[in-house]
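Last residue of the sequence shown: 381 (full-length UniProt numbering), numbering continuous. By construction, the Cβ of each residue, glycine as well, lies at the ideal position given by its N, Cα and C atoms.
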Amino acid sequence: MNLLTLTSRMLVLGFVCIVGMAQATPVVYSGKMGTTPVVIELDVHLDGRVESRYFVASERVTHHINGQRSKQGQLTLNIDVDALESDDEADAKPANSPVITLRPADNNGWQGEWRQGQGTPLAVNLSQMVPIATAGLSPFMQSLYQLSPYDYLLRATAEPVMVKQGVVNGYNVEWWQEPNAKLSMFQLTSGYPAERLAALNAALRESFWRTVMAAAQCEHSDDKVKISLLSEKMISYVVSGDRSCGGAHGYMEVSPHILRVSDASWLTLSDLMWVDESPVPDASAIPDDYLQETLPTWLAAQFARLYPEQTAATDDESEDACDYSSSEVWANAPWSLTSKGIYFQTMTPNLTSQCKGSGWEILPWDIVKQHPGRLKDLPLP
1 MNLLTLTSRM LVLGFVCIVG MAQATPVVYS GKMGTTPVVI ELDVHLDGRV ESRYFVASER
61 VTHHINGQRS KQGQLTLNID VDALESDDEA DAKPANSPVI TLRPADNNGW QGEWRQGQGT
121 PLAVNLSQMV PIATAGLSPF MQSLYQLSPY DYLLRATAEP VMVKQGVVNG YNVEWWQEPN
181 AKLSMFQLTS GYPAERLAAL NAALRESFWR TVMAAAQCEH SDDKVKISLL SEKMISYVVS
241 GDRSCGGAHG YMEVSPHILR VSDASWLTLS DLMWVDESPV PDASAIPDDY LQETLPTWLA
301 AQFARLYPEQ TAATDDESED ACDYSSSEVW ANAPWSLTSK GIYFQTMTPN LTSQCKGSGW
361 EILPWDIVKQ HPGRLKDLPL P
């Protein structure tokens with residue numbers, strides 16, 4: 001599976017909804033497929049496309065199957081997303097793929113059948129799940145339920161546990177891990193006022209679950225969290241790991257996360273630094289030529305001046321060497337905050353690893369401050 005297919009699959013796995021008509025929020029159903037308890041989440045789009053995912057209680061493994069809604073309101077789910085090997089959905093309709101047909105039932109439920117190949121069809125009966133009381137849940141499980149009721153039900157037996165404690169930059173932290181995931185996320189236990197501490201930890205828990213759910217889409221992932229900065233004003237950490245998602249080649253994914261302490265909001269690079277004409281546009285309106293040409297070309301010039309020896313070095317033996325004079329290297333560089341400045345993690349062109357000898361690519365704070373971003377009053381280290 002190529003990266004384009006992976007991206008498409010990630011979109012398919014987004015949170016979903018239904019009650020026979022397109023809605024704005026997901027609706028989760030429980031019931032039986034034959035005699036087997038099942039939980040299913042569905043999304044009916046305005047154009048009739050239907051996306052769904054389901055698991056049986058005994059396995060707790062998500063299956064994805066998409067389809068169409070007829071004008072009469074019947075759902076036919078016959079596209080086995082898990083079998084996708086290319087961008088052509090026709091490849092996901094082999095003769096032995098499962099087919100689920102559903103028609104509206106009483107109390108916003110569904111009934112129909114599940115069949116596969118020439119096997120005996122199984123009756124399907126689904127009732128809409130009622131909201132659960134979350135007051136007795138742990139903070140991690142409350143966060144997961146608020147984010148996705150389906151994923152809460154899927155992972156209800158896998159409560160995160162604390163695996164270690166430590167001190168980072170003078171701040172006490174705890175590391176928590178979901179039993180089925182290799183990823184651990186930190187929670188802050190000191191160093192910030194109580195209200196801010198609660199808001200920051202809530203944001204960290206939500207980020208943890210989003211990462212866990214994204215990693216679960218791949219056959220293999222080995223994500224790790226590294227804290228790069230804990231300070232009075234900002235928190236920065238990076239989630240990175242090797243991914244293998246069904247394609248011939250794996251790749252390395254590096255995802256930086258930056259929190260503003262004052263309101264537990266997520267920051268973008270343009271909030272902190274801008275190297276083009278003012279005013280700084282909204283994050284969603286930044287032109288591609290700024291991200292692909294203006295900023296990376298500026299970074300290449302800055303790093304060539306600051307680190308002439310490192311930027312001149314090349315790995316002649318590598319078929320995927322990093323050319324630090326190229327804007328492409330800097331356009332693809334994930335960034336994070338450190339006590340010394342903004343670190344731009346250079347990656348090889350095929351995104352399989354970090355550039356050889358990387359670790360020096362820090363833009364000092366005194367230079368960053370000369371090019372203030374959208375939040376001009378934001379205190380920088």
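- Around the CB of Ile132, fewer than 16 other CB atoms lie within 10 Å, so the residue is classed as exposed.
- Per the Cβ contact rule, the segment 110-127 is in contact with the segment 27-41 (3 or more Cβ pairs under 8 Å).
- Three or more Cβ pairs closer than 8 Å define a contact, and the segment 321-334 meets that threshold against the segment 294-302.
- Cβ neighbours of Val261 within its own chain (closer than 8 Å, five residues either side excluded): Tyr192, Arg196, Leu200, Ser231, Glu232, Lys233, Met234 and Ile235.
- Between Leu75 and Leu102 the beta-carbon gap is near 4 Å, inside 8 Å, which marks them as a contact.
- Out of His63, Gly250 and Val161, the CA that lies nearest to the CA of Ser184 is found in Val161.
- When DSSP reads this structure, Phe344 sits in a beta bridge with Trp335.
- DSSP places Pro179 in no beta strand (DSSP E); its state is neither H nor E.
- In terms of Cα proximity to Ser244, the closest of Thr352, Tyr324, Arg210 and Lys224 is Thr352.
- According to the DSSP assignment, Met33 belongs to the beta strand (DSSP E) that extends over Val27 to Met33.
- Taking 3 residues as the minimum length, the beta strand (DSSP E) runs contained wholly in the segment 240-321 are 251-260, in order along the chain.
- Taking a 10 Å sphere around the C-beta of Glu59, we find fewer than 16 other C-beta atoms and assign the residue as exposed.
- Looking at the DSSP output, Pro379 sits in no beta bridge, so it has no partner there.
- With a threshold of 16 other beta carbon atoms within 10 Å, Glu277 falls short and is exposed.
- A straight-line Cα-Cα distance of about 14 Å links Asp223 and His257.
- Remark: C-beta atoms of Arg205 and Asn180 do not approach each other more closely than 9 Å.
- A Cβ-Cβ contact shorter than 9 Å links Glu361 with Gln310.
- With a cutoff of 9 Å on beta-carbon distance, Ser190 and Asn169 are scored as not near each other.
- Sequence-distant Cβ neighbours of Asp151 in its own chain, meaning closer than 8 Å and more than five residues away, are Leu144, Trp209 and Met213.
- Under the three-state reduction of DSSP output, Trp365 falls in the helix class.
- Per DSSP, Val212 is one residue of the alpha helix (DSSP H) stretching across Ala194 to Ala215.
- Spatial neighbours of Gly250 in its own chain (CB-CB distance under 8 Å, excluding positions within 5 residues in sequence) are listed in chain order as His220, Asp242, Arg243, Ser244 and Thr352.
- For Leu46, there is no enclosing beta strand (DSSP E), as DSSP marks it with neither H nor E.
- Taking C-beta separations shorter than 6 Å and ignoring five residues to either side along the sequence, the partners of Pro379 in its chain run Lys233, following chain order.
- The alpha-carbon separation between Met141 and Asp289 amounts to approximately 42 Å.
- In the structure shown, Ser52 adopts extended strand secondary structure according to DSSP, grouped into three states.
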